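Take 1 as the starting number for the sequence shown in full-length UniProt numbering and just add one per residue. All C-beta atoms, glycine included, are put in the ideal place defined by N, C-alpha and C. Computed from a predicted model, the values in this text were never measured in an experiment. All remarks here apply to the structure that follows.
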Amino acid sequence: MNNGTPMWEDFMAKATKLHTCLRATIHAIGAYLDAFQKIADAATNARGATKEIGTALTRMCLRHRAVEARMKTFSSAIMDCLVVPLQEKLEDWKKTIVNLDKEHAKGK
């Protein structure tokens, strides 16, 4: 386990970086969808066939909002269900390793 600690720390650092990148992506997607929704609303409020296009664009925007919500859930799960619990366990593992090394040194 002692040799594995740097690997776990690297894994947690990469997972944290993934979480950060996902949050930035989610923010960009949100801004994009806000602009997209404005276009859909403008088309919906127009006359003629453009109104039907606006309705279709609004439906598409709603579907993309669902994808955005899934990304938010995934991003939160990475942090709350993976990184934070591993950080807590890693500290315990380090303490256990120190204690085992002390016991091993006494036995020699």
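With a threshold of 8 Å on Cβ separation, who are the neighbours of residue i within its own chain once the five nearest residues in sequence on each side are excluded?
{"i": "G30", "result": "E68"}
{"i": "S75", "result": "H19, L22, R23, I26"}
{"i": "T5", "result": "L90, W93, K94, I97"}
Nearest-angstrom Cα distance between residue i and residue j?
{"i": "H19", "j": "A49", "result": "42 Å"}
{"i": "I78", "j": "D10", "result": "15 Å"}
Looking only at its chain, what residues have a beta carbon closer than 6 Å to the beta carbon of residue i, apart from the 5 residues adjacent to it on each side?
{"i": "M71", "result": "I26"}
{"i": "L86", "result": "M12"}
In terms of alpha-carbon separation, which member of the options lies closest to residue i?
{"i": "L62", "options": "Q37, L86, A43", "result": "Q37"}
{"i": "G54", "options": "A66, H64, I39", "result": "I39"}
Should residue i go down as buried or exposed, given a rule of 16 or more other Cβ atoms within 10 Å for buried?
{"i": "A13", "result": "exposed"}
{"i": "V83", "result": "buried"}
Which residues bound the alpha helix (DSSP H) around residue i?
{"i": "V84", "result": "84-107"}
{"i": "residue 111", "result": "An answer regarding residue 111 cannot be provided, because it is not within the stretch 1 to 108 covered by the chain."}
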